[in-house]
Structures are given as structure tokens and as C-alpha cells.
Amino acid sequence: MRNFQRLLLPFLIALAPLPALAQVDAPAAAPVVAVPTADVPTAGPSYVPAEAGFGQPRGSYDLQVPVTPIAREAQAMANNVLNPLMAATAIFVLILLIWTVFRFRASANPVASKTSHNTVVEVVWTVVPVLILVWIAVPSFRLLANQYSPPKADLTIKATGHQWYWEYEYPDQGGFSFDAVMLTKAEAEQRKSPDLLDTDNRIVVPVGAVVKVLTTSADVIHSFAVPSFWVKMDAVPGRVNETWFKVERPGVYFGQCSELCGTKHAFMPIAVEAVPQERFAAWVAAKQAENGITPPGVQPAASGQRPPQIGVAPMPAAPGVTPSTTPEPPKPTPVAAAGAVTPAA
Numbered sequence: 153m154r155n156f157q158r159l160l161l162p163f164l165i166a167l168a169p170l171p172a173l174a175q176v177d178a179p180a181a182a183p184v185v186a187v188p189t190a191d192v193p194t195a196g197p198s199y200v201p202a203e204a205g206f207g208q209p210r211g212s213y214d215l216q217v218p219v220t221p222i223a224r225e226a227q228a229m230a231n232n233v234l235n236p237l238m239a240a241t242a243i244f245v246l247i248l249l250i251w252t253v254f255r256f257r258a259s260a261n262p263v264a265s266k267t268s269h270n271t272v273v274e275v276v277w278t279v280v281p282v283l284i285l286v287w288i289a290v291p292s293f294r295l296l297a298n299q300y301s302p303p304k305a306d307l308t309i310k311a312t313g314h315q316w317y318w319e320y321e322y323p324d325q326g327g328f329s330f331d332a333v334m335l336t337k338a339e340a341e342q343r344k345s346p347d348l349l350d351t352d353n354r355i356v357v358p359v360g361a362v363v364k365v366l367t368t369s370a371d372v373i374h375s376f377a378v379p380s381f382w383v384k385m386d387a388v389p390g391r392v393n394e395t396w397f398k399v400e401r402p403g404v405y406f407g408q409c410s411e412l413c414g415t416k417h418a419f420m421p422i423a424v425e426a427v428p429q430e431r432f433a434a435w436v437a438a439k440q441a442e443n444g445i446t447p448p449g450v451q452p453a454a455s456g457q458r459p460p461q462i463g464v465a466p467m468p469a470a471p472g473v474t475p476s477t478t479p480e481p482p483k484p485t486p487v488a489a490a491g492a493v494t495p496a497a
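Numbering-wise (the numbering used here), the sequence shown opens with residue 153 and increments by one.
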């Protein structure tokens, strides 16, 4: 009986649903201090509520809605080439099996056939598979060429995989970076986000922009994958890989690390938020201010001077008073008292 239980246990574990296993391992602890749940915004440039059934698994065998040019081309190939081919092959094999069972049954053939070859059949089963492979290869090569020959990028994002969270950097916007850790169940409910899919910080990209993603890893092999974009690129330690996407519709899109990377591999989601250009610019400005990065075109404040007030009008002069344009005289340098020791420069 014990041996039977030992043999049965692995099969029960393999058949257990993911939520059941998710209760065993808690999400990875955040490497940085997370935003308190009481202060979590429900709207804004980086916390738009997710749309049910869009940009996330729909609980069916259907593919997610494509929102990038590569995704639309790949899904068209699946619907117009691969699916019809698989259906036709399955029907042909089924008909062939049924015909063989009845045509060559023992009662109809008391004497077994000793046929050794058939030239016509051999030519057909050689030529037809070749034509099928060519039919698949032509659109596949075109799709691969478009995927690995990206247009000029409007935005670059570096995605670094860690056990078990993602780190994102925006080198074109001053190099600010942040970590993205999976939300707890309570945080996901407060943000109206799907459980196990959203993160405390999302990737934010502008709609219609070509985004280049550089993937690497700080420990083991991970994989950056977003099904709605048809994007999947491995993140390998000591190596930088490149992929790209161009989101054509605003929304929130969820992905997942797609390379087994340890015990909490299932708790390493990816959340991408596509917003209009104006909201993206506002989000970038907020991130730059948060990280003390001076935006391009703004002179940094000199030592001892008040930094420029962006978006604040200058104080008007009092009535009847003309603002002076004469610079103030320099303040006198204090002279050290007799016998005082002047510190060395």
C-alpha cells in the first residue's frame, strides 16, 4: 500500500491546479520598500485598472487579442496556415485509418498481400510533405525577418531578471530604474487587478512607439514574455538579448517569466501599461523628479541657488515698482580675526 501511495503522489502533484500550488509558496519578498496599500493610487499614468479578458489569459484555448504588428502577423499565420493544415492532416489521417481498417480486414483478404513497393505512392508521400513544409516556411521566414529586423527604436527599456522579480531601466530618459514585484492578493483586489499577474510597478510605454527591450539576468536564466505582443526573449546572465514591440492600443498587458528559474518562478509576472504620449511624458517627468534626474533642456541649479520652479509663474512686481536689472554687488568676504587659524584649502 505504501509503495502504491508513493507512485500515486507524483501524479496527484502534477495534476494539481496552479492555484492549489500557489498556496504553498508565497510571492517573492520585495527587494525595496513597497508602497503602502493605503496609499496605492487607483488611477494615474501607471495604475490604470486592467480590462477583463484583454491583455491577460481569458480562460479558453483561444489566443489573446493581438495588439502589435508582429502579433497580428503571427496570429494570421496561425489562423490561415497552421490551424487549417493541422485540421486537414488530422482529417486525412482519420479517413486513411478508417479506409485501411475496412479495406484490408482479414475477412476480405484471406491471402495477405506481399506488395513490396509502389512508385506512385512513394512519390506522393515524398512530394506532398515537401510542399507542406514550403507552405509553412515561406510565411515563417517573413515573420522571423520582421521580428529580428526591427525599425528604429523610439524608446529603449532594459529588463533584468532576478530571483524572483524584474528590474527595469529607462536609459533614454536619464537612466532611472525600478523593481517590479508581484502584488499580494490584497493589493491586487484594491487595484482591481487580476491575482498573480500584476506588479507594484509597471512598465509604461507610449502607444504607437517602437520599444526596444534589452534582456539580461543577474542570476539564472529567465525569459521576458508578453503573449498579447507575441514577444518572448530569454534573459541570460552575462549576455544582452534584444527584442521589440509596438503597441497599437492603450491598455494593460500582462506577461510572465517563461523560463523555469527556481521555486518561485510562477510568481514573477510582467505588467506593461500602454498610454498616450502625453501621459507617458508626465510619468517620465515624475520618475525623473523622484530619482533627482534633471530633464533635458533644464539647467541644473548651481550650489546655493534655488532650483527653477517648473510650471510656476514668476512673482509680479509691486505696483509702481520697476524690477531692477542691475545685479546685486558681491557680498564682502569675511576677514579672519587676528590669531585665528585659517583652515587649509
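The C-beta atom is built at its ideal place from N, Cα and C for all residues, glycine as well. The structure displayed is predicted, hence computed values, not measured ones.
Does the beta-carbon distance from residue i to residue j come in below 8 Å?
i: PRO358; j: PHE293; result: no
i: ASP350; j: VAL333; result: no
i: GLN208; j: PRO346; result: yes
i: ARG343; j: ALA423; result: no
i: LEU215; j: ALA230; result: yes
i: LYS364; j: PRO302; result: yes
i: GLU425; j: ASP386; result: no
i: PRO323; j: LYS310; result: yes
i: VAL356; j: TRP251; result: no
Report the residue from the options whose alpha carbon sits nearest the alpha carbon of residue i.
i: TYR317; options: ASP347, ASN298, ALA240, SER369; result: SER369
i: VAL362; options: PHE381, ASP331, VAL399; result: VAL399
i: LYS304; options: PRO221, PRO291, TRP396; result: TRP396
i: HIS374; options: PHE381, ASN393, VAL356, ILE445; result: ASN393
i: PRO428; options: GLY360, ALA239, GLU274; result: GLY360
i: TYR300; options: PHE419, ILE222, PRO379, ILE284; result: ILE222
i: ALA437; options: ASP371, ALA226, GLN325; result: GLN325
i: PHE376; options: ARG391, GLN408, GLY390; result: GLN408
i: LEU283; options: ARG257, THR415, VAL233, PHE206; result: VAL233
i: ASN298; options: ALA242, GLU225, THR415; result: GLU225
i: LEU296; options: THR271, PHE206, VAL383; result: VAL383
i: CYS413; options: HIS269, LEU246, GLY313; result: GLY313
i: GLU321; options: THR336, LEU366, ALA242; result: LEU366
i: GLU442; options: LYS416, ARG391, GLY327; result: GLY327
For the alpha helix (DSSP H) containing residue i, list its first residue and its last residue.
i: ALA271; result: According to the sequence as given, residue 271 is Thr; it is not Ala. From DSSP, the alpha helix (DSSP H) with THR271 extends over 271-299.
i: GLN429; result: 429-442
i: GLU225; result: 221-229
i: ASN139; result: Given that the chain is displayed from residue 153 to residue 497, the structure contains no residue 139 and the question cannot be resolved.
Return the Cβ separation of residue i and residue j in integer angstroms, given the expectation that the two are a contact with Cβ distance under 8 Å.
i: VAL388; j: GLU203; result: Their Cβ separation, rounded to whole angstroms, is 33 Å, which puts VAL388 and GLU203 out of contact at 8 Å.
i: PRO421; j: LEU348; result: 7 Å
i: GLU339; j: SER329; result: That belief does not hold up - the Cβ atoms of GLU339 and SER329 are roughly 21 Å apart, past 8 Å.
i: THR220; j: PHE381; result: 5 Å
i: GLN227; j: PRO218; result: 5 Å
i: GLN315; j: VAL372; result: 7 Å
Can you tell me where the beta strand (DSSP E) with residue i in it begins and where it stops?
i: LYS310; result: 307-314
i: VAL404; result: 403-409
So that I know if they touch, is there some Cβ in chain D lying closer than 8 Å to that of residue i?
i: ALA240; result: Among the protein chains of the structure shown there is no chain D, as only one such chain exists.
Write down every uninterrupted run of the beta strand (DSSP E) in the region 318-400 whose length is 3 residues or greater and which is fully enclosed by it, in chain order. Listed in chain order, they are 328-332, 355-358, 363-369, 374-378, 383-387, 393-397.
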